[in-house]
Amino acid sequence: MQPDAFNKMPDAVETIVGFADQFGPERVRAVFLSPSRKGVPKDPAKLAKMHDFLWKKKVECMSIDARTPDLNGKILSDFFDFT
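Just so we're aligned, residue 7 is where the sequence shown starts under my numbering, counting upward by one.
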C-alpha cells in the first residue's frame, strides 16, 4: 500500500481506517516501513501522529526499520489457530 495519497487512492491511514470501518474485522494490524521502497524516510513526528491516531481507532501498528530489507525481511510473522 502506498503511504501517501495518489490519484484517487487515499493515504495509508485513511485506507486502513476505511477498511476497519467497512469490514469490522476482529483485529487490524498496520506496519509502516521506513524508509519507503524508494528510499524516502518517514518523518518521525508524522509517524508518531499516525500511530497515535490509529491506536485510538483500535488498530495495532508499529514501524520497522527498512533501511536494509535483507535484514528485516522476515521480522513479521503471525499464527492463526482456527480450531
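Ideal placement from N, C-alpha and C gives every residue a C-beta, glycine not left out.
Fair warning: this is a prediction, and the values are worked out from it, not measured in the lab.
For residue j and residue i, the rounded distance between their alpha carbons
i	j	result
Asn16	Ala72	Checking the displayed sequence, the identity of residue 16 turns out to be Pro instead of Asn. Distance between the alpha carbons of Pro16 and Ala72 is about 23 Å.
Gly24	Leu77	32 Å
Pro75	Val46	14 Å
Phe12	Ile22	15 Å
Gly30	Asp49	30 Å
Exposure of residue i, with buried meaning 16 or more beta-carbon neighbours within 10 Å
i	result
Met68	exposed
Residue from the options whose Cα sits closest to the Cα of residue i
i	options	result
Met56	Lys14, Phe12, Asp10 and Val19	Val19
Residue i and residue j closer than 8 Å at C-beta
i	j	result
Leu53	Ser40	yes
Val37	Leu82	yes
Lys62	Ala26	no
Any non-hydrogen atom of the ligand PLP within 7 Å of residue i CB
i	result
Ser69	Ligands displayed in this structure: none; no statement on the ligand PLP is therefore possible.
Segment limits, alpha helix (DSSP H) that includes residue i
i	result
Val23	Ala18 to Phe29
Leu53	Pro50 to Lys62
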